[in-house]
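Residue numbers (our numbering): 2 to 109.
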């Protein structure tokens, strides 16, 4: 479905919190239509900006601990982490220009 790395409750700290990179976590679920719509857009942004931001995916159905920890109540929800902290939250599927605008500070 996506070229993004899957993260889980088990490896979240290792791959996201402890990363030196800027990481955007896409909180999604298989049954979520808007999640499926935004996935290829996120893949494009990730491949075009691989040196600036990494995008990973967390299935909220399979990984309820992280979804609960980060208070995910609506999906798709995307949270940008830098230095182990959430520095930006984007909620909902958006067209590529809108997502790029939301992420402009990380893509510059």
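For glycine and all other residues, C-beta sits at the position ideal for the given N, C-alpha and C.
message: Using a Cβ-Cβ cutoff of less than 7 Å, which residues in the same chain neighbour residue 67 once the five nearest sequence positions on both sides are dropped?
response: As a position in the chain shown, residue 67 is number 66, starting the count at 1. Excluding residues within five positions, the ones whose Cβ falls inside 7 Å are 10, 13, 59.
field: Limits of the unbroken beta strand (DSSP E) element including residue 59
entry: Here residue 59 refers to the residue found at position 58 of the chain shown. That run of the beta strand (DSSP E) goes 55-60.
- prompt: In terms of residues, what are the limits of the beta strand (DSSP E) holding residue 27?
  reply: For the purposes of this step, residue 27 is identified with residue 26 of the chain shown, where counting begins at 1. Run containing residue 27: 24-29, per the beta strand (DSSP E) assignment.
task: Check residue 105 in the structure and name its three-state DSSP category.
output: Position 104 of the chain shown, counted from the start, is the residue given in the question as residue 105. In this structure, residue 105 counts as helix in the three-state DSSP scheme.
- request: Tell me, to the nearest whole angstrom, how far the beta carbon of residue 77 is from that of residue 39; I am working on the premise that it is less than 8 Å.
  value: Locating residue 77 in the chain shown gives position 76, counting from the first residue. Locating residue 39 in the chain shown gives position 38, counting from the first residue. Contact holds; Cβ gap of about 5 Å.
- request: Run the CB neighbour count on residue 29, radius 10 Å, all protein chains shown included, and call it buried at 16 or more, exposed below.
  value: Residue numbering aside, residue 29 sits at position 28 when the chain shown is read from its first letter. Buried.
message: Just to confirm the assignment, what range does the beta strand (DSSP E) spanning residue 88 have?
response: For this step, residue 88 is matched to residue 87 along the chain shown. Per DSSP, residue 88 belongs to the beta strand (DSSP E) from 86-92.
query: When the Cα atoms are used, what is the spatial distance from residue 65 to residue 47?
result: Position 64 of the chain shown, counted from the start, is the residue given in the question as residue 65. Position 46 of the chain shown, counted from the start, is the residue given in the question as residue 47. C-alpha separation (whole angstroms): 25 Å.
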